[in-house]
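*Asks:* Here the working numbering is used: position 261 in the sequence shown is 286, and no number is missing along the way. Backbone N, C-alpha and C fix where the C-beta goes; we use that ideal spot for every residue, glycine too.
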Amino acid sequence: MNAVLNETVTEYTENYSVAHGEKPGVYVRTFGCQQNEADSETLAGIAESLGYRVTDDPSKAMLVIFNTCAVREHAELKALSVTGQLKHIKAANPEVIIAVCGCMVAQEHRLRTIKESYPYVDILFGTSAHSRFPDYIAEVLKNKNRVFSPDEVFEIEEGLPVKRESPFKAWVSIMYGCDNFCTYCVVPYVRGRERSRRREDILNEVRQLVSEGVKEITLLGQNVNSYGRKLYDDYDFADLLSDICKINGDYIIRFMTSHPKDATKKLVDVMALNSLPESRPHIARAFHLPLQSGSDMILNKMNRHYTTEKYLSFVTYLREMIPDISISTDIIVGFPTETEEDFAETLEMLKKVRFDAFFSFIYSVRPGTPAAKMPQISEDIKAERFSKMLTVQNSISLEKNEVYVGKTERVLVEGLSKTDGRMLTGRNDKNRLIHFEGDRALIGQFAYVEIIKADTYCLTGRLCAREAAE
Ligand code: SAM
Ligand code: SF4
26 MNAVLNETVT EYTENYSVAH GEKPGVYVRT FGCQQNEADS ETLAGIAESL GYRVTDDPSK
86 AMLVIFNTCA VREHAELKAL SVTGQLKHIK AANPEVIIAV CGCMVAQEHR LRTIKESYPY
146 VDILFGTSAH SRFPDYIAEV LKNKNRVFSP DEVFEIEEGL PVKRESPFKA WVSIMYGCDN
206 FCTYCVVPYV RGRERSRRRE DILNEVRQLV SEGVKEITLL GQNVNSYGRK LYDDYDFADL
266 LSDICKINGD YIIRFMTSHP KDATKKLVDV MALNSLPESR PHIARAFHLP LQSGSDMILN
326 KMNRHYTTEK YLSFVTYLRE MIPDISISTD IIVGFPTETE EDFAETLEML KKVRFDAFFS
386 FIYSVRPGTP AAKMPQISED IKAERFSKML TVQNSISLEK NEVYVGKTER VLVEGLSKTD
446 GRMLTGRNDK NRLIHFEGDR ALIGQFAYVE IIKADTYCLT GRLCAREAAE
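1. With 16 as the cutoff for other CB atoms within 10 Å, does R222 come out buried or exposed?
2. Sorry if obvious, but does the Cβ on P14 come closer than 7 Å to a heavy atom of the ligand SAM?
3. Just mark G127 as buried or exposed, buried being the case when its beta carbon has 16 or more other beta carbons within 10 Å.
4. I'd like the list of long-range same chain contacts for I139, defined as Cβ closer than 8 Å, with 5 residues on each side in sequence excluded.
5. Measuring CB to CB, does H460 end up less than 8 Å from C483?
6. Expressed to the nearest angstrom, what Euclidean distance is found between the alpha-carbon atoms of E241 and R157?
7. Could you tell me the distance, in whole angstroms, from the CA atom of E492 to the CA atom of K290?
8. Would you tell me roughly how many angstroms separate the C-alpha atoms of R171 and K103, rounded to the nearest one?
9. Helix, strand or coil for D355 per DSSP?
10. Here's the rule I'm using: 16 or more other beta-carbon atoms within 10 Å means buried, otherwise exposed. How should E66 be labelled?
11. Nearer than 7 Å: is that true of the beta carbon of S389 relative to any heavy atom of the ligand SAM?
12. Candidates K85, I468, S412: which alpha carbon is nearest G238's?
13. How would you label F518, buried or exposed, when you count the other beta carbons within 10 angstroms and need 16 or more for buried?
14. For the segment 161–170 against the segment 185–197, do three or more pairs of beta-carbon atoms, one drawn from each stretch, fall closer than 8 Å, so that the two count as touching?
15. Assign A69 to one of two classes, buried (16 or more other C-beta atoms within 10 Å of its C-beta) or exposed (fewer than that).
16. Can you tell me whether D381 is buried or exposed, with buried defined as 16 or more other CB within 10 angstroms of its CB?
17. Any heavy atom of the ligand SF4 closer than 7 Å to the beta-carbon of H284?
18. Quick one: does the C-beta of N61 sit closer than 7 Å to a heavy atom of the ligand SF4?
19. Can you check which of these residues, D259, A100, P348, is closest to V390 by C-alpha distance?
20. Between which two residues does the alpha helix (DSSP H) containing L314 stretch?
21. Which of the three DSSP states, helix, strand or coil, is assigned to G57?
22. Starting from the N-terminal side, write out each stretch of the alpha helix (DSSP H) that is 4 residues or longer and does not extend beyond the segment 325–378.
23. With respect to 7 Å, is the separation between the Cβ of F380 and the closest non-hydrogen atom of the ligand SF4 below this value?
24. Counting by C-beta, which residues lie closer than 6 Å to a heavy atom of the ligand SF4, in chain order?
25. Report all residues from its chain with a CB closer than 8 Å to the CB of D349; omit the five preceding and five following residues, and keep chain order.
26. Classify H307 as helix, strand or coil using the three-state DSSP reduction.
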């Protein structure tokens, strides 16, 4: 990775370090999805290469960055409310530079609101052109100007420094933007048109991560199944996965998100070849395949370009080739015009597919999207359907988890349990959250755990000796 340089900023950070005996702090807070988390790691990496040090205490930072989300209104309101609290930080120390960026800021109306109503925010920029961030900081330091930079060009920027949160888990973006324009979704407006990174850049990054000992790599894209479409005639996501799996090392690969309209048998075949324990177990036996609705009528209004029949036939093939694959999904409840019949069809699909896990969302109106102009249904009905849906899926999830009791799972140990500091927590390749007692030296390693208890959202187990498990 290259360092990103800006003389004004490096001069400032050097002077600060001499005066205070330590580098100025940078605090980064992320709202929203994995892509935002990956972008935040780049922004932290850029700041670090300019002479800042990453801190998790905003009151000790001289540069505060909020990376925001716009997928649902709730996420925006939360980001705005937390941005409001930054006023105190600025009042306590006017030298602190405050930057707000990401999907929310990429919308003109939100940029205007923050510009006008939050005068203590110094820098506003969207989702791309991270390489210009040092110039924005320099403009504030040198000329005391505020900087407002809506995204104009969406380009791929290779070689920016990255400060990864975890030493053993890493995000690797393989593409950016989206061309699908699902009618409810703001992403194509705030992240621009779909563009893929060159395969050699991705392969080099993965190779580097594996050589550094990273154990889990998640490939990111809004629709990974259309990887390479605008770049290559005869190279697709399945080819990329296959090439990645040729890299030797003890690691697993995850990917998200797959759009059902572009999911191919070729992809499943590559997964089967590279995921089963007896072959080369690099690809996690987990598939996230957002269904969004079980009604073909609603899917059509969502502009999703598949039917429930097509979805089911893909799931059948997936389970045929990888019988113990874990399948998860996203469902939106209360999309405009959704009737009781449409909703009943969604419940039916949950029962037919029997997802291992799901992420459910109450439809949120996004200004500027086609669905915002469709006839809306009441918030009460949405909430009622949401809770019914949760009950149906929760009992399926529990039954699916109960199957693991008595089995031994290979788990990547991620850290201490958030609810019980004496327990470790990690995930198997099927993305099940597993708690167990063990030495914290295991964090960042693979361990073998015998499952003794199943709950709706997690499993509990006991550590086995590795030899006993194999
Ligand atoms: N590109 C991915 C995909 O197609 O699944 C992820 C996009 S989005 C960041 C993640 C999920 O948010 C979507 O799958 C969808 O279920 C949900 N979502 C998007 N827009 C929404 C909206 N307006 N209201 C509620 N949920 C929404
Ligand atoms: Fe949004 Fe659809 Fe693109 Fe996913 S595929 S980011 S839901 S427009």
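*Replies:* With the given structure in hand:
1. It is buried - the Cβ of R222 has at least 16 other Cβ atoms within 10 Å.
2. Outside the displayed span of the chain (26 to 495) sits residue 14, for which this structure offers no information.
3. Around the Cβ of G127, a 10 Å sphere holds 16 or more other Cβ atoms; the residue is buried.
4. Around I139: L105, T108, V125, V130, V146, L149.
5. Yes.
6. The straight-line gap from Cα to Cα measures roughly 30 Å.
7. Legend: pLDDT at E492 = 46, less than 50; position of this residue unreliable, value from coordinates given subsequently. Looking at the backbone, the Cα of E492 and that of K290 are separated by about 36 Å.
8. Cα to Cα, R171 sits roughly 23 Å from K103.
9. Strand.
10. So E66 counts as buried.
11. Flag set: Cβ of S389 near the ligand SAM.
12. Ranking K85, I468, S412 by CA distance to the CA of G238 puts I468 first.
13. One cannot answer for residue 518 here, as it falls past the ends of the chain, which runs 26 to 495.
14. Taking 8 Å as the limit for Cβ pairs, the verdict is that the segment 185–197 does not touch the segment 161–170.
15. Buried is the call here.
16. When all chains shown are included, D381 counts as buried.
17. Yes, since a heavy atom of the ligand SF4 falls inside the 7 Å radius drawn around the Cβ of H284.
18. Taking the Cβ of N61 as the reference point, every heavy atom of the ligand SF4 lies at 7 Å or farther away.
19. Among D259, A100, P348, the Cα nearest to that of V390 is on A100.
20. No alpha helix (DSSP H) holds L314; DSSP gives it neither H nor E.
21. The answer is coil: DSSP assigns G57 none of H, G, I, E or B.
22. Counting only runs of at least 4 residues, the segment 325–378 fully encloses the following alpha helix (DSSP H) elements, listed from N- to C-terminal order: 333–346, 365–378.
23. Within the chosen limit of 7 Å, the ligand SF4 does not reach the beta carbon of F380 with any heavy atom.
24. Residues lining the ligand SF4 by the Cβ criterion, that is a Cβ closer than 6 Å to any of its heavy atoms, are C203, N205, F206, C207, C210, V212, P213, Q247, N248, H284 in chain order.
25. Closer than 8 Å at Cβ, skipping near neighbours: R310, K455.
26. Coil.
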